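Numbering (the UniProt record's numbering), first residue to last: 1 to 81. Following: one structure in structure tokens, then a few remarks.
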Amino acid sequence: MVIKKQYIGKYDGFSKPTHYYMIQNDSHYGIELVQGNSQTITSTYEWISDNEEQTLELIQLLCKHGASPIHLSEIIDNYIV
């Protein structure tokens, strides 16, 4: 259950904008990326870390470099390992 969803930023470098969110579930934090307007692609990871600052830094990095929802799972797998 999502307790809190916070908008972090937007990347306009593609034909469709990508929006970046930090989500909070109980005591852990996750990431949601939403790309597009009328037809959207969404990718959500409900648990990235128990540390809010660490999760926020990752989301800001994803936003800065325009990470897309399609590649989020690969990025997270490499980040956590």
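All residues carry an ideal CB built from backbone N, CA and C; glycine is no exception. Bear in mind that the values here come from a model prediction, so they are computed numbers and not experimental data.
Within 8 Å, strictly: CB atoms of residue i and residue j
i, j, result
"I75", "A67", "yes"
"I59", "Y11", "no"
Residues near residue i by beta carbon distance below 8 Å, same chain, minus five either side
i, result
"G13", "G66"
Cutoff 6 Å; reference residue i; Cβ partners in own chain excluding five residues on either side
i, result
"E46", "N25 and G30"
"L72", "L33 and S43"
"S49", "Y29 and T55"
"G9", "Y20 and C63"
"K5", "Y21 and I23"
Beta-carbon contacts of residue i that lie in its chain and below 7 Å, excluding the five residues immediately before and after
i, result
"E52", "Y29"
"I41", "Q35, P69 and I70"
Beta-ladder partner(s) of residue i, from DSSP
i, result
"T55", "Looking at the DSSP assignment, T55 forms no beta bridge with any residue, so it has no partner."
"K4", "Q24"
Distance, residue j Cα to residue i Cα
i, j, result
"K16", "Q35", "6 Å"
"I3", "P69", "22 Å"
"N37", "S27", "31 Å"
"I23", "Y7", "9 Å"
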